[in-house]
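Some notes on the structure that comes next.
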Amino acid sequence: MSKNTLILGLQWGDEGKGKIVDALSEDTHAVCRFQGGHNAGHTIKVNGEQTVLHLTPSGILHPNINCVIGNGVVLSLEALDKEINELKEAGISFDNRFYISSSCCLILPTHIKIDQVRDKKESIGTTGRGIGPAYEDKIARRAIRLGDFSDEANFKKKLEKLVTYHNKVLNKMHDEDSISVQQVVDEIFSYKHLYDNFCCDTQNLLIDWIEEDKSILFEGAQGTLLDIDQGTYPFVTSSSTTAGGVSTGLGIGPKYIDKIIGITKAYTTRVGEGPFITELFDANGEMLAKNGHEFGATTGRPRRCGWLDLVALKKAVFINSVTDLCLTKLDVLDTFKEISVCIKYDNGNPIYKIFEGWNDKTEGVTDFNNLPHNAKSYINFIEEFIGCEISIVSTGPSRDQTITR
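Okay, here's the thing in structure tokens:
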């Protein structure tokens, strides 16, 4: 692996980033999250045991890897505390290797309520976890940051002021009841131990590691097509999910990123509302959902399924300056007689190239040469169309079910 590697999704999230980050973490010094919040759901399967991480970087399952939550992440202290406790119960240590940026903006109970009542009216399809409203406050320069705990009296004043503002939004714009200001203050202060134990200037950590020539892995959440600027607006998330988000979300310049691995499924899925050109409403769509166990790791909602959209994928590769592709869930296609990929649009409708299926098992294959001929042809066509090498192929959910080329 190159010294510093960025791993990000090229579709609407759920591409399998967690597994790939986990698989590549073994040879790195640190894994860093740079955007999103607990709306992410990164699933990792090791020795038959499945772990879903929402905030903690996916390198946490390796005992000697440092993990960083950067300033671009919006932080639910309740969700993080719960996740840390669950991982500790499973024998995972956080001592002297887990760090949270003092500049992380906090998600409050009022953010969550505003998010949920809005989505009932607007049907954007959010996770209802307060992510969007928290980023709104960040941009409006009224957010509460983790580092504000350093001055408890001022922190309390800022918190009371913000919750009072949120209650006005709930009352006057949504005809909803207020949330007790004192209740929110008490809840947030009950998690002060997270500040005491883990808060620091993470940018200085990164500077030190880079100067010491340490290897760093940057872990994206969600996917390119959900990016606030480059995605299918307004059906997007509220953060920068593309390569540019690393610089703003961790405070690190682009020249320190040596390799960019873009992850795509061998087909396409989407959770929530919004356009989806290759979406299937027939037996093939049902088969993709069934074979791929397509339910959101965060929301539990069924994912919409469709064929691989190479037009959108090529654009995502360009936006992110992807150097290597990773193709996941190839094994989900094993039983299809025919497999289609979208190669262009005609007035918003997909034009497909149809491949003969391989009707053979690819699950667990770890050598590219051992794949069925038609599976290799499928992969080679994607590479040629996109103009980027597929250097990793995932053939199952476990860490060891991976082809590296």
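Numbers given in my numbering equal positions in the sequence shown, counted from 1, plus 66.
For each residue, glycine too, the CB sits at the ideal point set by N, CA and C.
The straight-line gap separating the alpha-carbon atoms of E345 and I294 is approximately 22 Å. Spanning the alpha carbons of P368 and G338 requires a straight line of approximately 9 Å.
Within the DSSP secondary-structure output, Y165 pairs in a beta bridge with V134. Closest in C-alpha terms to G423, from the list L393, E152 and T401, comes T401.
Using a Cβ distance threshold of 8 Å, F434 and F284 do not count as a contacting pair.
By DSSP's assignment, V118 forms a beta bridge with T109. Contiguous beta strand (DSSP E) elements confined to the region 314-358 occur at 325-331 and 334-336, taking only those with 3 or more residues.
Per the C-alpha coordinates, the member of L143, K148, D161 and Q182 positioned closest to I173 is L143. Looking only at D80, V247, H104 and D390, the smallest Cα-Cα distance to T122 is reached by H104.
Look at G430 here: in three-state DSSP terms it is coil, with no helix or strand label. Excluding sequence positions up to five before and after S406, its CB lies within less than 6 Å of the CB of W373, Y418 and I420, all in the same chain and listed in chain order.
By the 16-neighbour rule on beta-carbons within 10 angstroms, Y201 is buried.
Taking each of A89, G289, D93 and A106 in turn and checking the Cα distance to G366, the smallest one comes out for A106. Within the same chain, G138 and S306 come within 7 Å of T314 by CB-CB distance, once the 5 residues on both sides are set aside.
Distance from the CA of I458 to the CA of I276, rounded to the nearest whole angstrom, comes to 26 Å. For R336, same chain residues with a beta-carbon under 7 Å away, outside a window of 5 residues either side, are W78, F342, R369 and R370 in chain order. Listed in chain order, the non-local C-beta contacts of L379 below 7 Å within the same chain comprise L76, T330 and I452, local neighbours out to five positions each way being set aside. According to the DSSP assignment, T268 belongs to the alpha helix (DSSP H) that extends over T268 to E277.
G102 sits in a strand when the DSSP states are folded into three classes. With respect to the 8 Å criterion, P438 and K85 are not classified as neighbours on the basis of their beta carbons. The Cβ atoms of T176 and V250 sit closer than 8 Å to each other. In this structure, A309 places its C-beta atom within 8 Å of the C-beta atom of L72.
Excluding the 5 residues flanking it on each side, A355 has same chain C-beta neighbours closer than 6 Å at C371, in chain order.
Per DSSP, S406 lies in no alpha helix (DSSP H) segment; the continuous beta strand (DSSP E) that holds it begins and ends at E404 to D412.
When the five nearest sequence neighbours on each side are left out, the beta carbons in the same chain lying within less than 7 Å of the beta carbon of V312 are those of L72, F100, F284, I318 and I323, in order along the chain.
Of I385, C408, V118 and G136, the smallest CA-CA separation from C98 is found for G136.
For F215, the closest alpha carbon among the candidates Y261, I158, V140 and R184 is that of Y261.
Apart from sequence neighbours up to five positions away, the residues of its chain that approach S387 with a beta-carbon distance below 8 Å are A309 and I326, ordered along the chain. Around the beta carbon of F264, 16 or more other beta carbons sit within 10 angstroms, so the residue counts as buried.
Distance from the CA atom of T468 to the CA atom of T303, rounded to whole angstroms, is 29 Å. Ranking Y165, G102 and L141 by CA distance to the CA of I126 puts Y165 first. Going by DSSP, V388 is part of no alpha helix (DSSP H) at all; its letter is neither H nor E.
DSSP places Y257 in the coil class of the three-state scheme, outside both helix and strand.
Residue pairing for R370: DSSP places it in a beta bridge opposite R336.
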